[in-house]
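To start, the structure under review is shown below, and the notes come after it.
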Amino acid sequence: MRLQVLGTAAGGGVPQWNCACPGCSGARAHPGRRRRHASLAVQLADGAYVVNATPDIADQIESCAFLRPGPGPRESPLKGVILTDAELDHTIGLLRLREAAALEVRSTPVVRQALRPFADLLHGYVKLSWADADTIPVSGKRPRYAAGSPEAPGWVSALRLGPLVYAPAMGVWPDELDEAFLRAACVIVDGTFWDDEEPRRTGISTRTATQMGHLPIEATMERLSRLPGRRLYTHLNNTNPLVDPAAEQHKALAELGIEVAADGMVIDL
Ligand SMILES: [Zn+2]
Numbered sequence: 001m002r003l004q005v006l007g008t009a010a011g012g013g014v015p016q017w018n019c020a021c022p023g024c025s026g027a028r029a030h031p032g033r034r035r036r037h038a039s040l041a042v043q044l045a046d047g048a049y050v051v052n053a054t055p056d057i058a059d060q061i062e063s064c065a066f067l068r069p070g071p072g073p074r075e076s077p078l079k080g081v082i083l084t085d086a087e088l089d090h091t092i093g094l095l096r097l098r099e100a101a102a103l104e105v106r107s108t109p110v111v112r113q114a115l116r117p118f119a120d121l122l123h124g125y126v127k128l129s130w131a132d133a134d135t136i137p138v139s140g141k142r143p144r145y146a147a148g149s150p151e152a153p154g155w156v157s158a159l160r161l162g163p164l165v166y167a168p169a170m171g172v173w174p175d176e177l178d179e180a181f182l183r184a185a186c187v188i189v190d191g192t193f194w195d196d197e198e199p200r201r202t203g204i205s206t207r208t209a210t211q212m213g214h215l216p217i218e219a220t221m222e223r224l225s226r227l228p229g230r231r232l233y234t235h236l237n238n239t240n241p242l243v244d245p246a247a248e249q250h251k252a253l254a255e256l257g258i259e260v261a262a263d264g265m266v267i268d269l
């Protein structure tokens, strides 16, 4: 299975349009540090899919050789979108795909329910079909726009995609996830924050990383290092020291044999 990393940033991207933090300012000064919203393109047995539909999705599709349209004038190899959750930075790209003739969306039932307004908007443009994704629940955190919806285990999931497990948001590390990780040839997981206090220390939130639904890297890297397959962090927030290529934290991960995913990376599994 071939996959391409289409983006590696948490919500807002790096740089975020309204942010002058060191990470965002550094990315403005050094375009090589820019990161699009976290996403993957995957070639599955039945076609090509994008994992999460970000605000950057059109540019991300353009950046991926196996998603190039053709040979007909309006033919695309993109069969659909697989969602880890219903957060806006993972779903508003669905609206950007309104030119598609048909699109399959795979998610949990609760995410599908939350996205009813999207389905209503796209009705008349795209023939949407829905299917279940192969998921492991990793957080019950609802998007803010769905605060009135019932709590449920399917709000945030890790995805099993053949030999890959993709978990860009991970509030917990349950046994079921551990079993999937142990069997995977590659895991790409939540690297939103380096440490639990980072969101409070940098002033972007009154909550810790864990309270925001993200296990920090400091809490997962030792355990991750013991897995047999290839291991990468993604979904970096712009406050994460790893957005600076010179940060010493890169060495700590390299010593554990863990990579930081980069936009454009192609992985064959
Ligand atoms: Zn910033």
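Per the UniProt record's numbering, the sequence shown starts with residue 1, numbered consecutively. Quick reminder that beta carbons are idealized off the backbone N, C-alpha and C, glycines included. In this text the structure is predicted, and so the values were computed from the model without any measurement.
Item, Value
"Any non-hydrogen atom of ligand 1 within 8 Å of Gln16 CB", "yes"
"Residue from Pro22, Val5, Cys64 with nearest C-alpha to Leu242", "Pro22"
"Supposed close pair Leu236, Ala10 - CB separation, criterion 8 Å", "6 Å"
"Nearest-angstrom Cα separation, counted from Gly148 out to Leu88", "16 Å"
"Where Pro31 falls: helix, strand or coil (DSSP)", "helix"
"Proximity below 9 Å, CB of Leu164 to CB of Met1", "yes"
"Identity of the residue in Val187, Ala86, Ala252 nearest Ala119 by Cα", "Ala86"
"Short Cβ contact (9 Å threshold) for Val156 with Ala146", "no"
"CB contact flag (Leu6, Gln60, <9 Å)", "yes"
"Cβ contact check for the segment 176–193 and the segment 211–219: 3 or more pairs under 8 Å", "yes"
"C-alpha distance - Pro137 paired with Glu99, whole-angstrom precision", "32 Å"
"Nearest to Val105 (by Cα), restricted to the options Val51, Leu67, Gln4", "Val51"
"Residue of Val126, Trp173, Ala131 minimising C-alpha distance to Gly140", "Trp173"
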